[in-house]
Structure formats: C-alpha cells, structure tokens
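Here's the structure we're looking at; comments come further down.
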Amino acid sequence: MTIQLYDLTCCDQRIYFSPFCWRTRMALIHKGLAFESIPWHFTDKDKIAQTGEGRVPVIIDNGRWIHDSWRIAEYLDTTYPDRPALMPDAAARATAKFVDGWCVSAVFPTLRPVCVEPVFRIVAGKDKAYFRESREKMLGRTLESLSTDPAAERKAVVAALKPFEDMLSVAPFFGGDAPSYADYVLFGTLMWPYTVCEGSVLEPGSRTA
0 MTIQLYDLTC CDQRIYFSPF CWRTRMALIH KGLAFESIPW HFTDKDKIAQ
50 TGEGRVPVII DNGRWIHDSW RIAEYLDTTY PDRPALMPDA AARATAKFVD
100 GWCVSAVFPT LRPVCVEPVF RIVAGKDKAY FRESREKMLG RTLESLSTDP
150 AAERKAVVAA LKPFEDMLSV APFFGGDAPS YADYVLFGTL MWPYTVCEGS
200 VLEPGSRTA
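Residue 57 in numbering that gives the first Met the number 0 is what sits at position 58 of the sequence shown, and the numbering runs on without skipping anything.
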C-alpha cells in the first residue's frame with residue numbers, strides 16, 4: 000500500500016519548502032518506498048489532528064500515523080529492514096544526530112533572516128495571518144525587520160555551514176561513498192532557502208551546494 004506523506008506547501012502546490020518534510024521525502028526515496036504527497040497548509044491542522052502535533056511531516060503507513068522527521072526515519076528503518084538503511088549503524092546514527100543538532104542550533108538561526116519573510120510571500124492566502132502572527136510572536140519582531148543586511152546574513156549562513164564543508168572535504172557524503180540520513184538532514188535544511196529565496200545563499204563551489 001502506498002505511503003501517504005503530508006507535506007507543507009504554499010500558494011503553488013507544486014512547491015514544497017519545509018526542511019523537515021524534505022528529510023522525510025528523501026528518506027522514503029532512499030528506502031525505495033512508493034509514496035503519495037498530500038499538499039498541506041499551515042492552517043490544515045484538522046487534517047492531521049490524529050497525531051496531536053499540528054505539524055508536518057506526517058506519514059500514514061498501513062493505517063499507522065507517524066509524525067516528526069526523526070521518528071519517521073527510525074520507523075522506516077525498523078519497519079523496512081530489507082530496504083537500504085537510513086542509519087545502518089551507531090556511527091551513522093551519531094552523525095545524523097550531530098548534523099541535526101548543528102542545523103537546529105547553528106544553521107537555522109542564520110537562515111531565518113533570509114527565509115522567513117520570503118516564505119510569507121508565497122504561503123497560501125488562508126495561511127498568511129497565521130504565519131505572520133505565529134512567526135512574529137516566536138521571533139519577537141516583524142517579518143519585514145528580520146533581514147537588514149543580506150550580504151552579512153549570507154556570510155553568516157556560510158560560516159554556520161563550515162563544519163559540514165570540512166566534513167565533506169574528505170568524502171562525498173557524511174558516511175563515505177553513499178548517502179545516509181545525515182545527508183538528507185542537511186539536504187532538507189538547504190532546500191528551505193533553495194525553494195523560497197531568489198539566488199543562492201551558498202558560495203560558488205561549496206561542497207554543501
């Protein structure tokens with residue numbers, strides 16, 4: 000049975016921009032599992048009420064609802080051990096945890112000034128009031144005041160990615176010659192600016208590009 004993936008979209012339902020949903024999308028592709036993307040908007044919380052979370056990604060697999068990108072990755076490896084593993088051993092799991100933690104603590108804070116206001120411009124009309132109110136409350140400032148020096152903000156993104164640049168200088172992927180979940184964590188993070196921003200936030204020739 001095809002897995003259903005609730006994936007965050009905007010006014011153009013061909014565009015998916017959530018970094019965490021991209022992690023799950025790539026995890027499903029890595030496992031070679033058939034899935035159907037269900038476009039989901041910020042104010043569609045009733046559609047995933049069964050999870051009790053109100054956030055995506057969410058998958059439904061054979062009647063089971065699983066939410067949170069990390070929990071989904073663990074579920075996929077446990078439920079489909081005959082498919083390519085996302086985290087094949089303790090080292091891969093530890094690497095993925097480090098990449099996840101660094102993205103949350105160091106990379107996302109540099110991306111917010113670059114990405115949040117552009118997201119507001121593309122979200123569906125029914126989501127605009129919710130997005131503005133929730134993000135301005137969370138960040139303590141207006142959306143329009145988030146970005147004040149685009150050049151400096153892009154330099155901050157590059158600096159935050161430096162540990163990953165160093166890691167990828169010795170191998171094409173975090174685990175060596177083949178991608179694992181750690182790579183999809185970083186990939187998902189960088190798909191956020193790629194899908195919502197005009198121009199690249201990365202330096203030409205960057206290993207994380």
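Note that CB positions come from ideal geometry on N, CA and C, so glycine has one too.
May I ask you to list the residues that DSSP assigns as paired with residue i?
| i | result |
| --- | --- |
| Thr8 | Tyr15 |
| Val57 | Tyr5 and His66 |
| Ser36 | Leu4 |
| Gly175 | Phe172 |
Hey, residue i and residue j are a contact pair by Cβ (cut 8 Å); roughly how many whole angstroms apart?
| i | j | result |
| --- | --- | --- |
| Met190 | Pro18 | 6 Å |
| Arg22 | Tyr183 | 5 Å |
| Ile71 | Ala33 | Their Cβ separation, rounded to whole angstroms, is 15 Å, which puts Ile71 and Ala33 out of contact at 8 Å. |
| Thr207 | Leu160 | 5 Å |
| His66 | Thr50 | 4 Å |
| Leu85 | Ala26 | 6 Å |
| Leu223 | Glu52 | Outside the shown range of the chain, which is 0 to 208, sits residue 223, and nothing can be said about it. |
| Ser179 | Ala91 | 5 Å |
| His29 | Pro80 | About 14 Å separates the two Cβ atoms, so there is no contact after all. |
At the level of alpha carbons, what is the spacing between residue i and residue j?
| i | j | result |
| --- | --- | --- |
| Phe119 | Asp126 | 9 Å |
| Cys196 | Pro87 | 34 Å |
| Ser168 | Gly62 | 43 Å |
| Arg134 | Asp165 | 33 Å |
| Gly31 | Phe163 | 26 Å |
| Ala170 | Ser68 | 25 Å |
| Gly175 | Lys136 | 41 Å |
| Ser205 | Arg13 | 27 Å |
| Ala151 | Gly198 | 15 Å |
| Ile59 | Ile37 | 11 Å |
| Lys44 | Ala155 | 33 Å |
Apart from the five residues just before and just after residue i, which ones in its own chain have a Cβ nearer than 7 Å to its Cβ?
| i | result |
| --- | --- |
| Glu202 | Val157 |
| Met0 | Asn61 |
If I measure Cβ to Cβ from residue i and keep anything under 8 Å in the same chain, skipping five residues before and after, which residues do I get?
| i | result |
| --- | --- |
| Pro149 | Val113 |
| Phe130 | Phe41, Val118, Phe119 and Val122 |
| Phe16 | Leu7, Thr8, Cys9, Val118, Ile121, Met190, Trp191, Thr194 and Val195 |
| Thr279 | Lying outside 0 to 208, the shown extent of the chain, residue 279 is not represented and no answer is given. |
| Val115 | Arg134, Leu138, Leu142 and Leu145 |
Residues in its own chain within less than 6 Å of residue i by CB, not counting five upstream and five downstream?
| i | result |
| --- | --- |
| Arg153 | Val200 |
| Gly187 | Pro18, Trp21 and Arg22 |
| Phe172 | Pro178 and Asp182 |
Does at least one heavy atom of the ligand GTP sit under 7 Å from the Cβ of residue i?
| i | result |
| --- | --- |
| Glu73 | Looking at this structure, you won't find the ligand GTP or any other ligand, since it has none at all. |
Touch test, the region 4–11 against the region 121–137, Cβ-Cβ under 8 Å, three pairs minimum: yes
The region 68–85 touching the region 101–114, judged by at least three CB pairs closer than 8 Å: no
Sufficient close CB pairs (3 or more, under 8 Å) joining the region 84–104 to the region 139–149: no
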